[in-house]
Amino acid sequence: MLLNHAEAVALALSFKVSLVGVACSLPVAMACAWLLARTRFFGKPLFEGLLLLPLILPPVVTGYILLIVFGHHGPIGKWLDAAGLSIAFRWTGAALAAAVMAFPLLVVALRNAFESVDRKLENAAATLGAGPWRIFFGITLPLSLRGLAAGLALAFARAFGEFGATITFVSSIPGQTRTLPIALYELISTPGGEGGALRLTLVAVIVALLASLAAALMLLRGGTRATEAEA
Amino acid sequence: MIELDLTLQRGEFSLELALASEARALALFGHSGCGKTTTLLAIAGLLHPQRGRIAIGGHVLFDDATGVDLPAPRRDLGVVFQDARLFQHLSVRDNLRYGMPRDAAPTSFDEVVALLGLATLLKRRPGQLSGGQVRRVAIGRALLRRPRALLLDEPLANLHREARAEVLQHLVRLKREFALTTIMVSHQHDEVAALADAVAIIDDGRLAALQDVAAFRARPAAPFTATVVPGIAAAR
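Chains as they are written, first to last, in the numbering used here: chain Z, 1 to 231; chain A, 232 to 467.
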């Protein structure tokens, strides 16, 4: 099965957009997941609801919100344009859409992973002089690696398959924003595009299967443990 | 000098403990659930008393009157937990080095490793160690923190006979060679008699008696609040 040039470009772009999107999403998701797993604060259910919003909202709505905020006339978009960092209708915009859509999956996976780390180990590290950052990077994160890897696999699959938010926010520009799902949609709507559509479908299924398999393997190897605390 | 004056409510349980001791090794002795471990966790900074004062060697760790409540990482204490709490993803060597100050001399590492007989275990993971070895690594890790005082929570609990004898022997050696202020929690008469200089007998969250170890050795261990210390039953 050989892809033609346009299909190969869409596939390569999808990988780039998904990888960059998930990489950008990861630090923020990690911080939010840690807050949810390890702290109590006023309005936590609301905060959690907001974080999960991209999972619940129709993707087109998410894309439109991104367009309003990050578009050329949006409050952040204007500022980015002035700084020469415009993302609207560029691959970086597609990566932002992918990041936003993958974000809730990362938060959920990381939260579960952090909660499965025995807090008594973190307390032991504290008595050994470790501050919060050292405890997080030296104890909590290494003990959450399998959950993290599973979350990354699922988030990547979600970002790779992202369509609605991307086409609404950054449209379909070949080489810039026409990712695999958008290219596939256009092939389906074009007479004579069935062959290409079939090839891209097969690629999408293989990528999704591999990501899902990777996630399942990581989770199986991870096991679960209850979180305990001193108090 | 160990000064403890704690008021701590934990669910239904209330701890009201006040004592001062010049002993270098103080044991908190009593039945399960009497508040020994709660006291130790409060000293370590992992539980926070509602009121009181905790000072070791004149160094104030907690004092509600002056608003001092040092966080656990800044208390400079070496804590050996009953469940050891070794980091499973790190080797024995990395567990031992975890709390070491950056300016610690390499000789101090070698010294502790030799004292506790850990040289052959350094490359292993905690999951590959026996119960006694796990306890020795936990003791070494706490010692290498170069602590102001050592806190031991039931250091010999849940060990089979040989492992218990092995760890006890190391603790006796450690007491002799390091001369470190130590607060240990125990409900075992023999380990207290072997390791402590003074014994605080705790009953239901209150200090029942404070004895030197010679007086403690001279009395039968159980039931300690009624028979070990004359006058306690009457006082209650």
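Heads up, the beta-carbon is just placed ideally off N, CA and C, and yes, glycines get one too.
All values reported here derive from a predicted model rather than from experimental measurement.
Under the three-state reduction of DSSP, which class applies to residue i: helix, strand or coil?
i	result
A:Met-415	strand
A:Asp-295	coil
Z:Ala-226	Legend: pLDDT at Z:Ala-226 = 43, less than 50; position of this residue unreliable, no value from coordinates given.
A:Gly-436	coil
A:Arg-241	strand
A:Gly-283	strand
Z:Glu-162	coil
Z:Ile-173	coil
Z:Asp-118	coil
A:Ser-263	coil
Z:Leu-106	helix
A:Leu-381	strand
Z:Ala-124	helix
Z:Ser-212	helix
A:Lys-390	The question names Lys, but residue 390 of chain A is Leu in the sequence shown. A:Leu-390 falls in the coil class under three-state DSSP.
A:Asp-428	coil
Z:Leu-26	helix
Can you give me the Cβ contacts of residue i inside the same chain, cut-off strictly under 7 Å, excluding the 5 residues immediately before and after it?
i	result
A:Val-365	Ala-315, Leu-317, Pro-357
Z:Arg-111	Ala-33, Leu-36, Ala-37
Z:Ile-139	Leu-121, Glu-122, Ala-125
A:Ala-425	Leu-399, Val-403
A:Glu-397	Gly-363
Z:Leu-11	Leu-3, Leu-180, Val-203
Z:Ala-97	Gly-63, Leu-66, Glu-162, Ala-165, Thr-166, Phe-169, Val-170
A:Arg-355	Ser-322, Val-323
Z:Ile-232	Residue coverage of chain Z in this structure runs from 1 to 231, which leaves residue 232 of chain Z outside it and unanswerable.
Starting from the beta carbon of residue i, find every residue of chain Z whose beta carbon is closer than 7 Å, and list them in chain order.
i	result
A:Ala-388	Residues of chain Z passing the Cβ test: none, with the nearest at roughly 16 Å.
A:Gly-283	Near A:Gly-283 there are no residues of chain Z at all, since even the closest Cβ is about 17 Å away, more than 7 Å.
A:His-320	Pro-142, Leu-143
A:Phe-447	By Cβ distance, chain Z contributes nothing, its closest Cβ being about 28 Å from A:Phe-447, past 7 Å.
A:Gly-330	Leu-128, Gly-129
A:Phe-312	Ala-124
A:Arg-376	Leu-128, Gly-129
A:Ala-316	It is worth fixing the name first, because residue 316 of chain A is Arg in this sequence and not Ala. By Cβ distance, chain Z contributes Lys-120, Leu-121, Ala-124.
Between which residues of its own chain and residue i is the CB-CB distance below 6 Å, once the five residues before and five after are set aside?
i	result
Z:Ala-214	Ala-153
A:Glu-422	Leu-387
A:Arg-306	Gly-276, Leu-292
A:Glu-234	Ala-251, Ala-286
A:Leu-383	Val-311, Met-415
Z:Tyr-64	Thr-168
Z:Trp-133	none
Z:Val-20	Ala-95
Z:Phe-160	Ser-14, Ser-18, Val-207
A:Pro-378	Asp-307, Leu-308, Gly-309
How would you list, in chain order, the residues of chain A whose beta-carbon sits under 9 Å from the beta-carbon of residue i?
i	result
Z:Ile-65	Chain A residues near Z:Ile-65: none, gap ~40 Å exceeds 9 Å.
Strictly below 8 Å CB to CB, what residues from chain Z border residue i?
i	result
A:Ala-303	Asn-123, Ala-126, Thr-127
A:Leu-308	Thr-127
A:Arg-372	Leu-128
Only counting the same chain, and skipping five residues up and downstream in sequence, which positions put a Cβ closer than 8 Å to that of residue i?
i	result
A:Arg-241	Thr-269, Leu-278
A:Ala-350	Val-344
A:Tyr-329	Phe-318, Leu-321, Arg-372
Z:Thr-201	Leu-184
Residues of chain Z with a CB under 9 Å from the CB of residue i: which are they?
i	result
A:Gly-436	Correct list: empty, because the minimum Cβ distance to chain Z is about 16 Å.
Cβ-heavy atom distance between residue i and the ligand HEM below 8 Å?
i	result
Z:Gly-131	Ligands in the displayed structure: none, and consequently the ligand HEM is not present.
- At a Cβ cut of 7 Å, what residues of the segment 269-281 of chain A count as close to chain Z, listed as they run along the chain? Leu-272, Ala-275, Leu-277, Leu-278
- Query: Along the segment 111-127 of chain Z, what residues have a CB closer than 9 Å to any CB found in chain A?
  - Reply: Asp-118, Lys-120, Leu-121, Asn-123, Ala-124, Ala-125, Ala-126, Thr-127
- Item | Near-chain A residues of the segment 128-144 of chain Z (beta-carbon distance less than 7 Å), N- to C-terminal order | Leu-128, Gly-129, Ala-130, Gly-131, Ile-139, Pro-142, Leu-143
- Item | Complete alpha helix (DSSP H) runs within the segment 52-100 of chain Z (minimum length 4 residues, chain order) | Counting whole runs of 4 or more residues, the segment 52-100 of chain Z contains the alpha helix (DSSP H) stretches 59-70, 75-82.
- Message: Just to confirm the assignment: which complete beta strand (DSSP E) runs, minimum length 3, are found wholly within the segment 284-351 of chain A?
- Response: 290-294, 308-311
- Which parts of the segment 131-161 of chain Z are runs of the alpha helix (DSSP H), unbroken and 4 residues or longer, counting only runs that do not cross its ends? Along the segment 131-161 of chain Z, the alpha helix (DSSP H) occurs as fully enclosed runs of 4 or more residues at 132-135, 145-160, listed in sequence order.
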